[in-house]
Amino acid sequence: MFKINENYLKLPGSYLFSDIAKKVKAFTDANPDNKIIRLGIGDVTLPLAPAVIEALHKATDEMAVKENFKGYAPDLGYEFLRSAIALHDFKARGVDIAIDEIFISDGAKSDSGNIGDIFDVNNKIAVCDPVYPVYVDTNAMSGRTGEYQPDLGKWSNVIYMPCTIENNFAPQLPEETPDIIYLCFPNNPTGSTINKAELQKWVDYANKVGAVIIYDAAYEAYISEADVPHSIYECDGAKTCAIELRSFSKNAGFTGTRLGFTVIPKELKCGEVMVNSLWARRQGTKFNGAPYIIQVAGTAVYSEEGKKQTKEQIAYYMNNAKVIKDGLLDAGYSVSGGVNAPYIWLKTPDKMTSWEFFDYLLNEANVVGTPGSGFGPSGEGYFRLTAFGTYENTLEAIERIKKLGSVTT
Ligand code: PLP
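So the sequence shown is numbered by the numbering used here: it starts at 917 and just counts up by one.
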């Protein structure tokens, strides 16, 4: 009889967003006339920018012509896209990244999940708590996290780094030494960032203890403050300890179009072994590339028009973030995020748990958000709202929340 990967059986049963969907469905079935406003899931709502659409159309037409038709993409991705990334995302910020250190992919979710393939199962991971669930779940699938402890909401073999109001949602260097450190800034779900000096401490620490940092910069485009680094490679020594993940989902609305990339500098080594070569081998074997037309569309994001249009989209979402943040502050909530990230992280009022507050908002304001406890035990007592809705819905949602009256936190 075949055997399954038993690590999958250790995963806690339900997934946060399906629990939310079930509750929302039960509510709408019982109250079909109520207009629900969803500020829960981190998906964008604006259409692709005109420059991106134009590039998509052009590339699609090329595929219809024998002479221009493209089959499999090169292993690392098309050079035109990797060159644009090296120039606009890195060189423009004073960082030298070679094009063979950039691996084009279908997004940061796959890359953040797959990157574990090239590391030994006995590495110990450290994650922020709360955290984007993919890092922990994918490590659990490969048997790196020990046993799930339902009473604690934690895995036995994971180092959790609490990020709460007490430490301004910035993780402290862990007491126990990890081998792999997941950092995500701007952060999902807390919307927090750390400045360059703070990130430098992590880089120095990783180099000192021989750990690798997996740095998820999926929300880099939302940074508005000058001292917040856009790439971990802005820090000295990061090339010998860090892998960076990027995505076109949130900076250019590619959530349904799928494009991202991973940077692995050649200086990042385990003994004599270049991590870059291992990832090249892994991708060459298990991945056949992002589609040509999508890579062309991604390149258009870096054109003058593309930059201008995507910047406008981000400004639109960040205006929503301001509406949410200001409105909640007016109503007495304790709020963070929403300045360098499209997420607003609020403390639930009047000692409600995250799920109690979810039910309260759904029932009383018909607004859907995400309970903080779904992102990890230190998320209990917090709640996430996203700025990715329409302006009109965002405004209405906040008016409804304010109508519920002032709160104490
Ligand atoms: N990383 C973080 C922190 C995210 O929040 C998300 C999506 O919400 C992703 C990665 C996934 O990005 P992609 O759409 O490129 O797979």
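Ideal placement from N, C-alpha and C gives every residue a C-beta, glycine not left out.
Counting only heavy atoms of ligand 1, the residues whose C-beta sits closer than 5 Å to one of them are, along the chain, 958, 1023, 1024, 1025, 1048, 1100, 1104, 1132, 1134, 1163, 1165, 1176. Membership of residue 1280 in the alpha helix (DSSP H) is indicated by the continuous run 1270-1281. Annotated three-state conformation of residue 1110 is coil, per DSSP. Membership of residue 1183 in any alpha helix (DSSP H) is not indicated, and neither H nor E is assigned to it by DSSP. By the criterion of a C-beta distance shorter than 6 Å, residue 992 is surrounded in its chain by 1019, once the five residues flanking it on both sides are discounted.
Leaving aside the five residues that flank residue 961 on each side, the residues in its chain whose CB is nearer than 7 Å to its CB run, in chain order, 1304, 1305, 1306. Residue nearest to residue 1053 within the set 929, 1316, 1321, 1238 is 929 (criterion: CA-CA distance). As for any alpha helix (DSSP H) of minimum length 4 sitting wholly inside the region 1219-1303, the runs are 1220-1246, 1270-1281, ordered along the chain. Under the DSSP definition of a beta bridge, residue 1078 partners with 1045. Within the same chain, 1102, 1109, 1138, 1139, 1140, 1141, 1144 come within 7 Å of residue 1256 by CB-CB distance, once the 5 residues on both sides are set aside. Residue 1198 and residue 1035 have their C-alpha atoms some 11 Å from each other.
The beta carbon of residue 1290 lies closer than 6 Å to those of 932 in the same chain, with the five residues before and after it left out. Cα atoms of residue 1158 and residue 1180: separation of roughly 7 Å, rounded to the nearest angstrom. Between residue 1155 and residue 1115, the CB-CB gap reaches or exceeds 9 Å. Judged by DSSP in its simplified three-state form, residue 1088 adopts coil rather than helix or strand. Where residue 1161 is concerned, the enclosing beta strand (DSSP E) starts and stops at 1158-1163. Note on residue 1245: under 16 other CB atoms within 10 angstroms of its CB, so exposed under the neighbour-count rule.
In the structure shown, the three-state DSSP call for residue 1200 is helix. The beta carbon of residue 1232 sits closer than 8 Å to those of 962, 1307, all from its chain and outside the five residues before and after it, given in chain order. In this structure, 1302 is the residue among 1302, 1281, 965, 1279 with its C-alpha nearest to the C-alpha of residue 1288. Rounded to the nearest angstrom, the Cβ distance from residue 968 to residue 1213 is 5 Å, consistent with a contact under 8 Å. Collapsing the DSSP output to three states places residue 1101 in coil. Looking at 1270, 987, 1177, the one whose alpha-carbon comes closest to that of residue 1030 is 1177. Going by beta carbons, residue 1130 and residue 1021 fall outside the 9 Å limit. Residue 1265 places its beta carbon 9 Å or farther from that of residue 1237.
With a threshold of 16 other beta carbon atoms within 10 Å, residue 1292 meets it and is buried. For residue 1021, the enclosing beta strand (DSSP E) covers residues 1018-1021.
Between the beta-carbon of residue 1151 and that of residue 1087 there is about 16 Å, and that puts the pair past the 8 Å contact cut. Per DSSP, reduced to three states, the secondary structure at residue 982 is coil, with no helix or strand assignment.
Per DSSP, reduced to three states, the secondary structure at residue 954 is strand. Your pair residue 1096 and residue 1128 checks out as a contact, with CB atoms roughly 6 Å apart and the cut at 8 Å. Counted as a single uninterrupted DSSP element, the alpha helix (DSSP H) harbouring residue 1050 occupies residues 1050-1057.
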